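Colleague: Following this message is one structure expressed as C-alpha cells.
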Amino acid sequence: MESYATLKPLVCDIPAPQFLLFNDIPSLVYISHIPIFIMAFLLGLFVLLSNWNRLENRVFFSAMLFFGLWVFLDAVFWAANRPDVIMLVWTIIVLIEPLVHISLLYLAYVLVTGKDMPFSRKLIVSIIFLPQLLIVPTTLTLSSFDIANCLPNEASFAYYSYFIETIFILWLTVFAIVKLRIVEDARKHRELVYVMTGAVVFLISFTGGNIYGSITDNWNVGAMGLFGMILLAAFFAYSIVKYQTFNVKLVSTQALVVALVLMNGAQIFLAKTQGNRILTVITFFLMLTLGVFLVRAVRFEIRRKEELQEISNRLVVANAELRRLDDAKSEFISIASHQLRTPLTAIKGFVSLLLEGAYGKLEPAVGDTLNKVYLANARLMNLVENLLNISRIDAGRIQYQFALTKLEDILIELRDIFALAAHERKLKLSFVLPKSPLPLLSLDGPKIREVISNVIDNALKYTEHGEITVMAEARVDRVIVTVSDTGVGISIDELPHLFKKFERGKDATKVNVSSTGLGLYVGKSFIEAHSGTIRAKSAGRGKGAQFIMEFPINRKNLDK
Amino acid sequence: MAKILLVEDDPFISEIYLKKLGSSGFEVVSALTGKDALRTIREGAYDLVLLDMVIPEMSGMEVLRELRTNKDYDRTLKIVVFSNLSGPQERQDTLTAGANGFISKTDFTPSQVVAEVQRYLDQFIAQAQHASQAEPGKQPDVAVNPLTDTLLEPGTEKKILLIEDEPVFVEMFGKALRDAGYGVVTERNGQSGLERAKTGGFDLVITDHLLPSLSGKEIIQALRNDAGTKSVPIFLLTASLEEEEVKALEASGAVERSFLKTQVTPSELAGIVKVFFSTEQAQQ
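Chains as they are written, first to last, in this note's numbering: chain A, 100 to 659; chain B, 33 to 316.
The structure is reproduced here in C-alpha cells:
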C-alpha cells in the first residue's frame, strides 16, 4: 500500500470507496448491487441448506454463488477508482459470467429429467466454455484501459462470452419447451413452467444488460439487467412455496418474512443520512429476529398439522382394513351358513320321508327317535338361519316392510304366547296397556314382534321368582315399551356389552344354556332401523332388569 | 279341517291351547279328565287326540291302554302324548302302549305346538298313503334308481321336470313326487334343464334358482318367452339367499309358486303339487 501511495498511481476521477464500497454519491444502479447480492446469496444458501443431499439444490446454490460473486465483483468495479483493480475485477467477472448460465442449464436438466446431466452434454458445455477459459487472461479480452471513462477497452474476443451465453440461453429455452411438452403430471408441469420461465427471463435480462453495456459503454443502463434476479427470485419462491421445488417446505409466511427483511435491508443502502441508516439497521435486526420467531412458530404448527394428518391417514387405512375384515367375516358366515343349510335341509327332508313311512313302516321306537332327530335338526337349522340373519344385518341386506301397525295387537299376541310359559314357571306375567289406544306406528310388524318377544323370553329365562311386567305408554313423540323383571339382573360391567354380537349375561349359562347371545344384537339392529332405541337398566346382580324400547311417532306419516 | 281332542285338566293351559289351535284353523274339543276323554272319543270321530299324562280320575296312561285294548275304540285313532313327563322311559312306555307320537309341553311354545300338531297330521296322512300303496304287493319304486328318470308313459300320469343340481335334493324331492304318483324327469344344470323343458310334454317344471350354467331366473324368463312353454306352470324352489330376486319373480307372476327348500318337506311339496293339479283341473 505504501509503495502505491508513493508511486501516485493512476486513478479515475471518481471518489475512492468507503463504508462497504460506498462512494459519496450513491447511484441507484450501483446501490442495487448490494441487496441483489444478498438476495442471490441467501436464496442459494437457503435452498442448499434445506436439502444438502439433492443435486438440484447444490446446482442452484452454485448458480446463485456465481451470480452473487459476479454482483459483488461488479459492485467493486463500480466503486473502484484504480485501473488495476478494475481490470482484475473485470477479468474475473467475464470468466465467471457464463458459469451462471451453465449452472442454470444444468439445473434445468436435473429438475426436468430428475437425473444428472448426461456426460455427453457436460462435454459439449465444457468444449464451448474452454475457449473462454483460455482467452480471458489474455489481451484478446481487454486490450487497454480508458482512464477518461474509467472503463477498460474490450478487445474483439470479449464478445465470445456473450456468444456462448446466448447459446446457453437458447439451449435452455429449447430444452425447456421440448421437455415440458412430455411432462404428464399437471402439477409437475406447472412447477417446471414457473422455474424455467424464471431462469430464462433472468438470464435474458442479465446477458441483455451486459451486451447493452458493452456495446454502448452505458453501464448505468446495462446494470439494470441485474434486476432480472428479482424476477428469478419471485418465480422460484412461488414455485418453492406452491410446489415444494427443491423439496423445500417453505410456506408463504417464510417467503413473506424473507421478502420483508430483504426490502428493509435494501433501505439501509438507500438511507441518505447516517441517523436514518442506523435507525434502519435497528428495524432490520428487529424484523429479522421477529421474523425468525414467526417462521419458527409457523413451522411448528405445520409440523403438528402434518403429524396429525399422518396419524389420521393411518387411521383411515386401519379403519378400511377393519371394515374389509368385517365384510370378509360376514361373507364367510353367509357362505358357511349357506353351505350348512344344504345338508341340514337334506336331513330334514329324508327324516320326514322316513317318518312318513316312505321307506317302509317304522317301529314306534324308531319313529320316536327319528322324531327327536327331526327336532334337533330343526333347532340347528334355526340357529344357522339366525347366523345368516346376522350376516345379512352386517351387510345391510335386511329388508324392512313398514306398515302402520297397532302395537297393542303385537303385545296381546305376545301375552297369549307367553302366558303358558309364565304359568308353568310360576311367574306372574302382566301386560299394562294405556286406556286410550296407542298411536299407530310405522313398523315392520313381524320384526318388532320378534324383538319384543325375544326380550320377554329373556325376562322369563333369567327370572326364577317374582314377576314380569310389560308396559306400553305413549309420549308426545314416541311410544315406550318397558319389560321389567325380578330376575338375576345385570351387573354394571356387563351392561355395555349386552347388545353386542355373541355376548350374553354372565349367568346366562347357569339359567339357560340354549341362548346364543344373538337375540339382543339382532333386536338392536331391527329397532335402530325403525329409528328407535333399546337400552337396558339394572340395579345390579339379583335386582332384576328393565329393557326399554322406544319407537318414534312419525306424525307426518300418520297424517297421510 | 282336522278335528282335535285336547285332554288337559288345567283350565288355564287348556284355554290357551284351545285358543291357539282354534285360531290356527283346527276344530278343537276339550276334555278335562280321563273318563271325560273316553266318553268324548266314543261320541265323535277325531283326527288326533292330544293326551296329557297327569289327569284326574284316570291317568293318561290308563286312558291310552283302554283306547288301544278295548275293541270299542277305533285302533287307528291317532294319539299324540302331550306331556311334561318327557324322560326316555316315559316316552318308551307310551309308545309301547300304542301312542303315535309325543309332544313335550316344556320344549315348545304354543305356536310351535300348533306346528308340531300340523306336522304329525301331515305325517299320519302320508303314512296312510304309503301303507295303502304298499298293500297291493309290489312297490313300483323298488327298482327305480332315484337319480335317473322315471320312464314316462304317455297319457296317464302328470309329468314333472325337476331341475336341481344337488343330488340329495334330486333324490329327496324326486322320491316324494314319484311316491305321490307323478312321472319325474330330472336335469342337473340350467342349460340342460331349459333344453329339456323346451322339448315339451311337462305338466309342471320345478326348478332351483342357483344352478350351474343358467340360473332359475334365466330359465323362467326363457320359458316364458318361448311360445311352446309360455303357459307351463313353474314352481321355484330356492335357498333364501337370492331372496330379493325370488320376490321380484313371484311378484311379476312368472312363477306359480316359490318355496324355500329349508322350509318345505318333500311330502309337503308333493301335497302342494297335488292340490295345484286338482285346482287346475277344476278350473278347466
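Backbone N, C-alpha and C fix where the C-beta goes; we use that ideal spot for every residue, glycine too. Note that this is a predicted model, so its numbers are computed, not measured.
Given that MET85(B) touches chain A, what residues does it touch there, using C-beta distances under 9 Å?
Modeller: The premise fails here: MET85(B) is roughly 15 Å from chain A at the closest Cβ pair, so nothing lies under 9 Å.
Colleague: To the nearest angstrom, how far is the alpha carbon of LEU179(B) from that of GLU196(B)?
Modeller: Per-residue confidence for LEU179(B) stands at a pLDDT of 47, beneath the threshold of 50, marking its modelled position as unreliable; the derived number appears in the next sentence. Spanning the two alpha carbons is a distance of roughly 11 Å.
Colleague: Establish whether the CB of ILE304(B) and some CB of chain A are separated by less than 8 Å.
Modeller: Chain A contact via Cβ: absent.
Colleague: Please say whether LYS191(B) and ASP258(B) have beta carbons closer to each other than 8 Å?
Modeller: Not in contact: ASP258(B) and LYS191(B) (Cβ atoms no closer than 8 Å).
Colleague: Is the beta carbon of MET386(A) less than 8 Å from the beta carbon of ASN412(A)?
Modeller: Contact: no.
Colleague: Closer than 8 Å by C-beta to ALA131(B): which residues in its own chain qualify, once you throw out the five before and the five after it? Chain order, please.
Modeller: Here the set comprises LEU83, LEU96, ILE111, VAL112 and VAL113.
Colleague: Which value, in whole angstroms, describes the spacing of the CA atoms of PRO545(A) and GLN500(A)?
Modeller: The alpha-carbon atoms of PRO545(A) and GLN500(A) are separated by roughly 9 Å.
Colleague: What are the complete alpha helix (DSSP H) segments, minimum 4 residues, inside the segment 39-67 of chain B?
Modeller: The segment 39-67 of chain B contains these whole alpha helix (DSSP H) runs: 43-55.
Colleague: Beta carbons nearer than 9 Å to chain B: which residues of the segment 510-535 of chain A have them?
Modeller: Result list: ASP515, ILE516, PHE517, ALA518, LEU519, ALA520, HIS522 and GLU523.
Colleague: At what residues does the alpha helix (DSSP H) containing PHE399(A) begin and finish?
Modeller: Taken as a continuous stretch (DSSP letters only), the alpha helix (DSSP H) holding PHE399(A) covers 373-454.
Colleague: Is PHE156(B) near the ligand ATP, in the sense that its beta carbon is under 7 Å from a heavy atom of that ligand?
Modeller: Summarising the ligand content, the structure contains no ligands, and the ligand ATP is consequently not present.
Colleague: Given a limit of 8 Å on CB to CB distance, which residues of the segment 475-496 of chain A reach chain B?
Modeller: For the segment 475-496 of chain A, which is checked against every Cβ of chain B, the residues closer than 8 Å are MET480, GLU484 and LEU487.
Colleague: In whole angstroms, what separates the C-alpha of THR468(A) from that of GLY459(A)?
Modeller: Approximately 16 Å, taken between the alpha carbons.
Colleague: According to DSSP, is PRO244(B) part of a helix, a strand, or is it coil?
Modeller: Coil.
Colleague: Can you grab the Cα-Cα spacing for the pair PHE69(B) / GLU89(B), in whole Å?
Modeller: Looking at the sequence shown, residue 69(B) is not Phe but Ala. Using only the alpha carbons, I get a separation of about 11 Å.
Colleague: Please say whether THR141(B) and ALA558(A) have beta carbons closer to each other than 8 Å?
Modeller: Not a contact, by the Cβ cut-off of 8 Å.
Colleague: Please classify LEU239(A): does DSSP put it in a helix, a strand, or coil?
Modeller: Note: LEU239(A) maps to coil in three-state DSSP.
Colleague: Check whether the Cβ atoms of VAL202(B) and TYR49(B) sit closer than 8 Å, and answer yes or no.
Modeller: Not closer than 8 Å, so no.
Colleague: Would you decide whether GLY588(A) is buried or exposed? Buried here means 16 or more other CB atoms lie within 10 Å of its CB.
Modeller: Under this definition GLY588(A) is a buried residue.
Colleague: Determine the chain B residues that contact GLU455(A) at a beta-carbon separation under 7 Å, and present them in chain order.
Modeller: Per Cβ cutoff of 7 Å: GLN155, ALA158, GLN159, HIS162 and SER299.
Colleague: Buried or exposed: which applies to LYS599(A), given that a residue is buried once 16 or more other Cβ atoms fall within 10 Å of its Cβ?
Modeller: That one is exposed.
Colleague: Quick one, which of ILE567(A), LEU393(A), SER541(A) and SER535(A) has its alpha-carbon nearest GLY667(A)'s?
Modeller: Outside the displayed range of chain A (100 to 659) lies residue 667(A), so it cannot be described from this structure.
Colleague: Between the alpha carbons of SER378(B) and THR504(A), how many angstroms are there, rounded?
Modeller: Absent from the structure is residue 378(B), since the part of chain B shown begins at 33 and ends at 316.
Colleague: Of the residues ILE339(A), ASP183(A), ILE591(A) and ILE191(A), which one's Cα is nearest the Cα of PHE145(A)?
Modeller: The option with the nearest alpha carbon to PHE145(A) is ILE339(A).
Colleague: Taking 8 Å as the CB-CB cut-off, is PRO142(B) touching chain A?
Modeller: Judged by the 8 Å Cβ criterion, PRO142(B) is in contact with chain A.
Colleague: Beta-carbon separation of SER115(B) and GLY92(B) under 8 Å?
Modeller: Yes, the Cβ-Cβ distance between SER115(B) and GLY92(B) is below 8 Å.
Colleague: At what residue ranges does the segment 223-305 of chain A contain a whole run of the alpha helix (DSSP H), taking only runs of 4 or more?
Modeller: Fully enclosed alpha helix (DSSP H) runs of 4 or longer: 259-280.
Colleague: What would DSSP say about MET570(A), mapped onto helix, strand or coil?
Modeller: Residue state, collapsed to three classes: strand.
Colleague: Under 8 Å between beta-carbons, which chain B residues line up against ASN152(A)? List them in chain order, please.
Modeller: Under the 8 Å cutoff, chain B gives no residues; its nearest Cβ is about 59 Å from ASN152(A).
Colleague: Which one of GLN343(A), PRO134(A) and VAL110(A) has the shortest CA to CA distance from MET186(A)?
Modeller: Residue VAL110(A) is the option with its Cα nearest to MET186(A).
Colleague: Going along chain A, which residues have a C-beta under 9 Å from PHE58(B)?
Modeller: Those do not exist, as PHE58(B) stays about 16 Å from chain A at its closest Cβ, beyond 9 Å.
Colleague: If you run the structure through DSSP and keep just helix, strand and coil, what is LEU597(A)?
Modeller: DSSP places LEU597(A) in coil when its eight states are reduced to three.
Colleague: Go ahead and label PHE134(B) buried or exposed: buried means 16 or more other beta carbons lie within 10 angstroms of its beta carbon, across all protein chains shown.
Modeller: By the neighbour-count rule (16 or more Cβ atoms within 10 Å), PHE134(B) is buried.
Colleague: Closer than 7 Å by beta-carbon distance: list the chain A residues that pair up with ALA271(B), in chain order.
Modeller: Simply HIS437 and ARG440.
Colleague: Bridge partners for LEU559(A) per DSSP, in chain order?
Modeller: Beta-bridge pairing links LEU559(A) to no other residue.
Colleague: Give every residue of the same chain whose Cβ lies closer than 7 Å to the Cβ of LYS609(A), excluding the five residues on either side of it in the sequence, and list them in chain order.
Modeller: With a pLDDT of 42 at LYS609(A), under the threshold of 50, the modelled position of that residue is not reliable, and the figure given next carries that caveat. For LYS609(A), where only same-chain residues beyond five positions count, there are no Cβ hits under 7 Å.
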